[in-house]
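Reading through the structure tokens given below for one structure.
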Amino acid sequence: MSSPGVYEGTANAVAALMLLIEFGMLRQALVRDQVRLYAAQSALISVLAVVIAAVRDLPELYALAALSAALKVIGVPLVLRRLLGRPIGEDTPGVPGSYTLGPASAVLASIGLAAFGFFCFGNLGIRSAEAPTTALAIAGAMVFVAFGLMIVRRDVASQAIGFFSLENAISLAALVVAAGLPLILETAFLFDLLLAVVVFAMLIRAHHARAESLSTADLTRLRG
Amino acid sequence: MSAAVPIPVIQLLQVLTVALGAPGVMGVIATVEARLQGRRGPRLLQPYYDLAKLCRKEALAPSGASWFFLAAPLVAVTAYLTIPLLIPVLTTYGLPLGYMGDILGGGFLLSLASFVVATAALATGSPYAQLGSSRAKTFSAIAEPVVLFVVFTVALLTGTDLPYALAATVRSSAGQVIRPAHLLASAALFMVILHETGRIPVETHTGTNEFGMIEEARSFEHSGPYFALLKWGSMLKQLILFTILANVFLAPWGLASTQRLGAVLLAIVALLAKAAAIGVAVAVIDNSFAKLRLFKITEYVSAAFLLAVTGVFTLYLGGG
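One line per chain: the protein sequences are A and B, in this order.
For the first sequence, my numbering begins at 135 and goes up steadily by one.
For the second sequence, my numbering begins at 1315 and goes up steadily by one.
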């Protein structure tokens, strides 16, 4: 099989790394480490934006990369860390053991989910001049793994991080399909994330104030 | 000015390089490990002296053990010495015997060696050796799917499953090196090698405490030259796995592309240097991570499995 070329190879490798980091978040027991992984994943998507900007000669992507790095690598992790640091105290390292499945089974189940997402998106047959198709399929896999993360972990913090990384997956897909999208639209997507951060911040605080825990396990009793 | 080496001699040199280099690589790892732990450590050639010492000792067999007990170390070492014929150790071009087996053939030989050693341990009737062989078989069965997926990746990349073909593909362009499938498969293989050579996640390689001994416990009842063969066998296995990682996946450069004497000698030096470099990396990793609990082994292997599966996925849409 012929190799896909250095540019495509780099883009695909960055996308694959993002997928692996998504799995890392699923596997990581401590919220603090999950936040770190989220920052790393966001840094990778900025790197990918810079690569695409350089190779495809799209100068406005540089601005997008800088903006998204400032927001997602520095801003959101900072907010999350403050938010989780204050209510539960520095010595409480998140909610270990909030798994509904064992770690190995969770990873295996998510590999299944990732396969489903990968081949669904791959078979859409979207071809773009801007970035390789495999990266789009990887974005699809990431969306499913992020959903998986929100399902197998029963604590508010993991679910918030799952949601934010879902946004990373969507950004990856947007970069691949429509790298030439006007900057104003891309920025609007980014500000959606800000809205989500505010909403999740309020949810985490409200839930913690009421349940004195970040676990959502006792919410299952609330049925209408 | 340098003369051409006949092909059969090169073939023999492949086996000799692995056979004689393996204890040296082990010595390098032991020294680096000792330095990392703040000890001076044994001299580099210590594994050779150990093997020589064991060969001079008396060989004993437990009463009731069959002929298989003494034959197993010989069979295992023979299997390990056959593998260097199948993989690119010194040359970029396939040697005549190199095509008698593919990657799976090499895998079968590795499994055969480990099978006869485990069976010999069972033949002793000693509970401790049996425990070791039972554990070793269980954990290698867990790691097997990862190896299979790495082989699938190779097969998809090259259309064959010959190690020579993959090495040639990797050498052909920079695009081949950076493609995600190749990187992921290499990373998965590296994780499996750490696991198979008894480094991470649960084993203590040189230890004598029974919880950390899996591979080492199998040879518990052997003594004298037979024990030397088993120890030599595990060193051979380590160097063979390192050779596959270096010469097929990570850095298939520095191999001889002609039959000239200089090129072949350079290839021998390059192979040993690459193996020593991997050994140093392995020792650093081994000493900077805490050992896991025994049952965490599935998590470690599932991470390697994830890498290998992602590699196969990315290939399917032609972008890997």
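Glycine included, every Cβ here is placed at the ideal spot set by N, Cα and C.
Check: Proximity of V1468 of chain B and L1480 of chain B at Cβ, strictly below 7 Å; Outcome: yes
Check: 8 Å contact criterion, which A1581 of chain B and G1568 of chain B should meet: CB distance rounded; Outcome: 6 Å
Check: Inter-residue Cα distance where the pair is E320 of chain A and M276 of chain A; Outcome: 19 Å
Check: Cα-Cα separation, T1396 of chain B to L160 of chain A; Outcome: 43 Å
Check: Cross-chain neighbours of Y1630 of chain B in chain A, by beta carbon under 9 Å; Outcome: F252, F253, G256, T268 and A271
Check: Cβ distance (whole Å) where S1447 of chain B is taken to contact A1455 of chain B below 8 Å; Outcome: Actually they are not in contact, since the Cβ atoms of S1447 of chain B and A1455 of chain B sit about 13 Å apart, beyond 8 Å.
Check: Residues in the segment 1596 to 1616 of chain B having any Cβ partner in chain A nearer than 7 Å; Outcome: T1612, E1613 and S1616
Check: Min CB distance R1449 of chain B to chain A below 7 Å; Outcome: no
Check: For D289 of chain A: DSSP bridge partner residues; Outcome: A:S349
Check: Beta-carbon spacing of D1600 of chain B, R1513 of chain B below 7 Å; Outcome: yes
Check: Contacting residues, own chain, Cβ-Cβ under 6 Å from L1621 of chain B (five flanking each side not counted); Outcome: L1498, A1501 and A1502
Check: Same chain, Cβ closer than 7 Å to F1422 of chain B, five either side skipped, listed in chain order; Outcome: none
Check: Short CB-CB distance (under 7 Å) between G139 of chain A and chain B; Outcome: yes
Check: Buried versus exposed, by CB contacts within 10 Å (16 or more), E1372 of chain B; Outcome: exposed
Check: Residue environment, E346 of chain A, which counts as buried when at least 16 other CB atoms sit within 10 Å; Outcome: exposed
Check: Any C-beta of chain D under 7 Å from that of T1467 of chain B; Outcome: Judged by its chain identifiers, the structure shown contains no chain D, and its protein chains are A and B.
Check: DSSP state of A1353 of chain B mapped onto helix, strand, coil; Outcome: Per the sequence shown, residue 1353 of chain B should be read as Arg rather than Ala. Looking at R1353 of chain B - three-state DSSP - the assignment turns out to be coil, as it is neither helix nor strand.
Check: Sub-7 Å separation of I1507 of chain B and G143 of chain A beta-carbons; Outcome: no
Check: DSSP-derived helix/strand/coil call for T1405 of chain B; Outcome: strand
Check: One or two residues paired with Y233 of chain A in a DSSP bridge; Outcome: A:R287
Check: Spatially closest choice to G1338 of chain B from B:G1593, B:V1615 and B:L1608, by CA coordinates; Outcome: B:G1593
Check: Three-state secondary structure (DSSP) of E224 of chain A; Outcome: Low confidence applies here, because E224 of chain A scores a pLDDT of 43, under 50, leaving its location unreliable and the question unanswered by this model.
Check: Proximal residues of chain A, C-beta to C-beta of F1563 of chain B below 7 Å; Outcome: Within chain A, no residue comes near F1563 of chain B; the closest Cβ sits about 15 Å away, beyond 7 Å.
Check: Proximity winner among B:P1566, B:V1583 and B:A1379, relative to G1645 of chain B (alpha-carbon distances); Outcome: This structure gives no information on residue 1645 of chain B, because the portion of chain B shown stretches from 1315 to 1634.
Check: Helix, strand or coil at R1574 of chain B according to DSSP, with G and I counted as helix; Outcome: strand
Check: Proximity to D326 of chain A [Cα-Cα], best of A:L195, A:V189, A:R190 and A:I304; Outcome: A:I304
Check: According to DSSP, residues forming a beta bridge with A1318 of chain B; Outcome: B:R1574
Check: Distance between V311 of chain A and L329 of chain A (C-alpha atoms, nearest Å); Outcome: 24 Å
Check: Where T1331 of chain B falls: helix, strand or coil (DSSP); Outcome: helix
Check: Sequence-distant residues of the same chain with beta carbon closer than 6 Å to V189 of chain A, five excluded per side; Outcome: Y141
Check: Pairwise C-alpha distance: I338 of chain A and L1470 of chain B; Outcome: 46 Å
Check: Residues near A1577 of chain B in its chain [Cβ-Cβ closer than 6 Å; skip 5 each side]; Outcome: A1570
Check: Extent of the continuous alpha helix (DSSP H) run through Y1630 of chain B; Outcome: I1611 to Y1630
Check: Cβ-based burial, S180 of chain A [other Cβ within 10 Å; buried from 16]; Outcome: buried
Check: Residue-chain proximity (F157 of chain A, chain B), Cβ-Cβ < 7 Å; Outcome: yes
Check: Chain B contact residues for V241 of chain A, given Cβ-Cβ distances below 9 Å; Outcome: E1613, S1616, A1617, F1619 and L1620
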